[in-house]
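Novice: Residue numbers (full-length UniProt numbering): 1 to 260.
#1: Assuming residue 56 and residue 145 make a contact with CB atoms under 8 Å, what is their CB distance in whole Å?
#2: How many Å lie between residue 227 and residue 193 at the Cα?
#3: Roughly how many angstroms lie between the CA atoms of residue 132 and residue 152, to the nearest whole one?
#4: Evaluate residue 180 with the Cβ neighbour count: other Cβ atoms within 10 Å of its Cβ, from every protein chain shown; 16 or more gives buried, anything less gives exposed.
#5: Please confirm whether residue 148 and residue 60 have their CB atoms less than 9 Å apart.
#6: Helix, strand or coil: how does DSSP classify residue 261 here?
#7: Return helix, strand or coil for residue 188, following the three-state DSSP convention.
#8: Any contact of the segment 64-78 with the segment 35-51, i.e. 3+ C-beta pairs under 8 Å?
#9: Considering Cα atoms alone, identify which of 65, 92, 172 and 202 is closest to residue 130.
#10: Where residue 103 and residue 165 are concerned, what is the direct C-alpha to C-alpha distance, given to the nearest angstrom?
#11: Using only the alpha-carbon positions, how far apart do residue 124 and residue 216 sit?
#12: Is residue 54 buried or exposed, if buried means 16 or more other CB atoms sit within 10 Å of its CB?
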């Protein structure tokens, strides 16, 4: 399961907001840069401060478009069709126009992002954009929050939307035990162990009961189980231990989990 750390990100007012069209001719608002005729470009945009809320690994979904360099007349060889994604950790909102410095180190590079599809058409007075969606992740993060930054070094591109989120395993009742919500680990391959608590009138048998939360926010590798104590029987797929001979009514949705 995914939990959002921020709404689609708003950037500082030092970038140019423009309108364009997506591939379905819907009007969209974007942050754009297109200085492809000037050499040695180094243009940045930075997000607001984002609280990590206990997450150890951060996922970033980016929606963007990139102009095909070959479709721009007389474009120099320095034209690019990629951009860079960075992050910077901090315990408070300390960013200014000049801090952190606009460079790798102190910023940490996540990846160079390339478009699966670039656009070349210019019609109806506006750009018809091929919108790309890419997801990257980074970790471990340990400070209270962080910033994201996007670096252009010679592309004709637009940033349309950014979603920042982390993954977690939801509260669940399995094998006669309750497992509370657990955040995924710092690496995509991490398995985070969670101890289960037997449902009322249940008890552990064999070994301590565990589940593991994987990097995709899914429970896996169940170990051990709880069984109902003498005089009780398991009902509702093992989520309740009820005294034998007791008549109860089931409440729909009693075990529903509300995610963030």
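Cβ atoms here follow ideal geometry from the backbone N, Cα and C, with glycine treated the same way.
Specialist: Reading from the atomic positions:
#1: One-based indexing of the chain shown puts residue 56 at position 56. One-based indexing of the chain shown puts residue 145 at position 145. Their Cβ separation, rounded to whole angstroms, is 13 Å, which puts residue 56 and residue 145 out of contact at 8 Å.
#2: The residue given as residue 227 occupies position 227 in the chain shown. The residue given as residue 193 occupies position 193 in the chain shown. If I take the Cα positions, the gap works out to 21 Å.
#3: Taking the first residue of the chain shown as position 1, residue 132 is located at position 132. Taking the first residue of the chain shown as position 1, residue 152 is located at position 152. Going from the Cα of residue 132 to the Cα of residue 152 covers about 16 Å.
#4: One-based indexing of the chain shown puts residue 180 at position 180. The residue in question, residue 180, is exposed, as its Cβ has fewer than 16 Cβ neighbours within 10 Å.
#5: In the chain shown, counting from the first residue as 1, residue 148 sits at position 148. In the chain shown, counting from the first residue as 1, residue 60 sits at position 60. Against a cut-off of 9 Å, the Cβ pair of residue 60 and residue 148 comes out as a contact.
#6: Any question about residue 261 goes unanswered here, given that the chain covers just 1 to 260.
#7: As a position in the chain shown, residue 188 is number 188, starting the count at 1. Residue 188 falls in the coil class under three-state DSSP.
#8: Enough Cβ pairs lie closer than 8 Å, so yes.
#9: As a working note, residue 130 is residue 130 in the chain shown. The candidate whose alpha carbon is nearest that of residue 130 is 65.
#10: For the purposes of this step, residue 103 is taken as the residue at position 103 of the chain shown. For the purposes of this step, residue 165 is taken as the residue at position 165 of the chain shown. The alpha-carbon atoms of residue 103 and residue 165 are separated by roughly 25 Å.
#11: Translated into positions along the chain shown, residue 124 becomes position 124. Translated into positions along the chain shown, residue 216 becomes position 216. The predicted position of residue 124 is uncertain, since its pLDDT is 36 and thus under 50; a value taken from the coordinates is nonetheless stated next. Approximately 43 Å between the Cα atoms of the pair.
#12: Numbered from its first residue, the chain shown carries residue 54 at position 54. The residue is exposed, with fewer than 16 neighbouring Cβ atoms inside 10 Å.
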